[in-house]
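Since the structure comes first, as structure tokens, the remarks are kept for the end.
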Amino acid sequence: MSGTDLSRRQVLKGSAAAMAMGAIGSLGALYSRQARAATSAAWTAPVASPYGSLAPVADQSTGLSLLQLPPGFSYRSFAWTGDRMADGHPVPPRHDGMAVMRNQGAALGVARNGRGNGHGSELVLIRNHEIGNSNTQILAPGTYDRGAITADGQLAGGGTTTLRYRDGRWLSVEASLAGTVVNCAGGLTPWGTWLSCEEIKSNAVSGDGRKHGYVFEVHPDAQQTTGRPLVALGRFSHEAVAIDPRTGYLYLTEDDRNKSGFYRFIPNDRAGRPGSLENGGRLQTARVRGRPNMDLVTANIGDEFELEWVDVADPDLDSIAAPAGFPDVSGGDTLSGPFAQGWSNGALRMSRGEGIFHANGRMFIVDTSTGVDARGRRGRGFGAVWVLDLATQRMSALFVSGDQSAAHNPDNITVSPRGGVVLCEDPDAAPSGSPDEYGPGTRLVGLTRAGEPFYLVKNNVELTDTQIAGADKQIAEGDYRDSEFCGACWSPDGRTLFVNIQTPGITVAITGPWLNGPL
Numbered sequence: 009m010s011g012t013d014l015s016r017r018q019v020l021k022g023s024a025a026a027m028a029m030g031a032i033g034s035l036g037a038l039y040s041r042q043a044r045a046a047t048s049a050a051w052t053a054p055v056a057s058p059y060g061s062l063a064p065v066a067d068q069s070t071g072l073s074l075l076q077l078p079p080g081f082s083y084r085s086f087a088w089t090g091d092r093m094a095d096g097h098p099v100p101p102r103h104d105g106m107a108v109m110r111n112q113g114a115a116l117g118v119a120r121n122g123r124g125n126g127h128g129s130e131l132v133l134i135r136n137h138e139i140g141n142s143n144t145q146i147l148a149p150g151t152y153d154r155g156a157i158t159a160d161g162q163l164a165g166g167g168t169t170t171l172r173y174r175d176g177r178w179l180s181v182e183a184s185l186a187g188t189v190v191n192c193a194g195g196l197t198p199w200g201t202w203l204s205c206e207e208i209k210s211n212a213v214s215g216d217g218r219k220h221g222y223v224f225e226v227h228p229d230a231q232q233t234t235g236r237p238l239v240a241l242g243r244f245s246h247e248a249v250a251i252d253p254r255t256g257y258l259y260l261t262e263d264d265r266n267k268s269g270f271y272r273f274i275p276n277d278r279a280g281r282p283g284s285l286e287n288g289g290r291l292q293t294a295r296v297r298g299r300p301n302m303d304l305v306t307a308n309i310g311d312e313f314e315l316e317w318v319d320v321a322d323p324d325l326d327s328i329a330a331p332a333g334f335p336d337v338s339g340g341d342t343l344s345g346p347f348a349q350g351w352s353n354g355a356l357r358m359s360r361g362e363g364i365f366h367a368n369g370r371m372f373i374v375d376t377s378t379g380v381d382a383r384g385r386r387g388r389g390f391g392a393v394w395v396l397d398l399a400t401q402r403m404s405a406l407f408v409s410g411d412q413s414a415a416h417n418p419d420n421i422t423v424s425p426r427g428g429v430v431l432c433e434d435p436d437a438a439p440s441g442s443p444d445e446y447g448p449g450t451r452l453v454g455l456t457r458a459g460e461p462f463y464l465v466k467n468n469v470e471l472t473d474t475q476i477a478g479a480d481k482q483i484a485e486g487d488y489r490d491s492e493f494c495g496a497c498w499s500p501d502g503r504t505l506f507v508n509i510q511t512p513g514i515t516v517a518i519t520g521p522w523l524n525g526p527l
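Here you go:
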């Protein structure tokens, strides 16, 4: 059996496969209807949620009203910043990108330690921590850089933790990757590992002789995480990655305002197993056919074009100074080495490439700042979602936000097994100055089958010292309603939506009547 066939079997198995296959038609309708029927350049307001109005709901773990949810929905929180992990150390802060997978046990050599029942009911979540320079370092089996990365001796503070969840209950949390920095998003592989991305563009070398700006593979068994960088995937401000299970190609986004490329990686080894990406491959950058250096920092709903791909000769090239007159960037700014090489060969640019997710032969790609702000600055708008048809390599603007009421800088994206799109807001500027009907705070935004935005979940984390002490938590008192949602991901059966609130650092598992709407 070929590596490609193996990857397809791994993705299309179990109950999730049947649901995903049934979603193909709905995703196609969403894509085509949006392109045909858009009557304006962008959405400027949400529609009524098919799930109903939002209201504060108490967390089943702490009793605190952390979220506003539709009727019939509930949630449990876990692994807050400062909680104790299995090794006794505190949970690191700044929860970010995340993926969920079944505990595959012997298939990946996962040590069950008595926790699994062999029936696939236990889920593993791997969660990023977007920490940069720090006085302390996560202690984890897979550690990349132990040396000082700043002149004053600070360390690479980022990494990942691994959580376990079974039958509606949280089980444990442990550290899995360390010695990395600004672990923002990433992506799930078809073979059941997590690719954690460093969102940093730097030519600095640590005291251990290590560079940063790479992707790292994290095994669901923390003890099997190596901490080795996937250098061939490029060194730039990585945001997220998604894999086409049909070809084994990886698609990657770059978050570097108004100088962000869109990349593809063709592995030498497509066996579809942990470690196979360490065998190298070809990094490529996207170019619009017939339109060199096409500018995507602004967009209209339905914009469409065809991509072609250009090899990046040196994926590990240092950043360079932006040439004089490079549009929409500040003086003295730099271009990542891969972006500079691509741009010289006519590659496109986005504003800030963020989340990416594969579903049914398409890549859903978020540019969080597409558009123009009130001061007329390009690439500082409210964001967009692009859809790339992998069979035709045609890319279209599915959703464009023309106002923070529609969606305020979507970041991470996920698609449910039923084909529903969910966006995590990460506002460039805090939205509390113009709250919606539910008050200030960030949101999870869903898209209807017609591509219309609606409010699914509202951040309601505003806590006093008394409330925090009563819940036995270790965070500071404060109003965290403007903190971003991130890491949204669905359980394979589509019954549970997991998501993080980055600060103060909380992970929640949301359940409810999903079949009442498009998700």
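In this note's numbering, the protein residues as written are 9 to 527.
We put the CB at the ideal spot given by N, CA and C, even for glycine.
DSSP three-state call for residue i: helix, strand or coil?
i, result
"Ser214", "coil"
"Ile476", "helix"
"Gly90", "coil"
"Glu590", "Here the chain has residues from 9 to 527 only, and residue 590 is not among them."
"Phe365", "strand"
"Asn508", "strand"
"Pro331", "coil"
"Phe347", "helix"
"Ala294", "strand"
"Ala5", "Here the chain covers residues 9 to 527 and nothing more, so residue 5 does not appear."
"Ser57", "coil"
"Asn287", "helix"
"Leu147", "coil"
"Ser142", "strand"
"Leu304", "coil"
"Ala230", "helix"
"Asn136", "strand"
"Asn111", "coil"
"Leu75", "strand"
"Leu527", "coil"
"Gly36", "Residue placement at Gly36 is flagged as unreliable, the pLDDT there being 48, under the threshold of 50; a coordinate-derived value is accordingly withheld."
Which whole-angstrom value describes the C-beta separation of residue i and residue j, a residue pair presumed to lie in contact below a C-beta threshold of 8 Å?
i, j, result
"Val305", "Thr378", "7 Å"
"Gly194", "Ser180", "Going by Cβ atoms, the distance from Gly194 to Ser180 rounds to 21 Å, so no, they are not a contact pair."
"Val55", "Glu460", "4 Å"
"Ile251", "Thr197", "6 Å"
"Thr261", "Ala248", "5 Å"
"Gly410", "Trp51", "6 Å"
Using the rule of at least 16 other Cβ atoms within 10 Å of the residue's Cβ for burial, across every protein chain shown, is residue i buried or exposed?
i, result
"Glu362", "buried"
"Leu38", "Annotation note: pLDDT 48 at Leu38 (below 50); position unreliable, coordinate value reported separately. Result: buried."
"Val213", "exposed"
"Leu527", "buried"
"His127", "For His127, the pLDDT reaches just 42, beneath the cut-off of 50, and the residue's location in the model is therefore unreliable, although a value from the coordinates is still provided. His127 comes out exposed."
"Asp95", "exposed"
"Thr472", "exposed"
"Arg123", "Because Arg123 sits at a pLDDT of 40, beneath the cut-off of 50, its placement in the model cannot be relied upon, and the point is left open."
"Pro98", "exposed"
"Pro425", "buried"
"Ser338", "exposed"
"Ser499", "buried"
"Asp229", "buried"
"Gln292", "buried"
"Thr400", "exposed"
"Arg383", "exposed"
"Ser61", "exposed"
DSSP beta-bridge partners for residue i?
i, result
"Gly165", "Answer by DSSP bridge pairing: none, since Gly165 is not bridged."
"Ile518", "Tyr83 and Leu505"
"Phe224", "Ser204 and Pro237"
"Glu312", "Ser404"
"Phe390", "Looking at the DSSP assignment, Phe390 forms no beta bridge with any residue, so it has no partner."
"Leu471", "Gly486"
"Gly454", "Val430 and Phe462"
"Val395", "Phe372 and Ser404"
"Glu130", "Arg174"
"Ala63", "Leu77"
Entirely enclosed beta strand (DSSP E) segments - the segment 170-205, minimum 3 residues: 177-188 and 191-196
Completely contained beta strand (DSSP E) runs for the segment 232-270, where each covers 3 or more residues: 246-251 and 258-262
Write down every uninterrupted run of the beta strand (DSSP E) in the segment 401-447 whose length is 3 residues or greater and which is fully enclosed by it, in chain order. 402-408, 418-423 and 429-433
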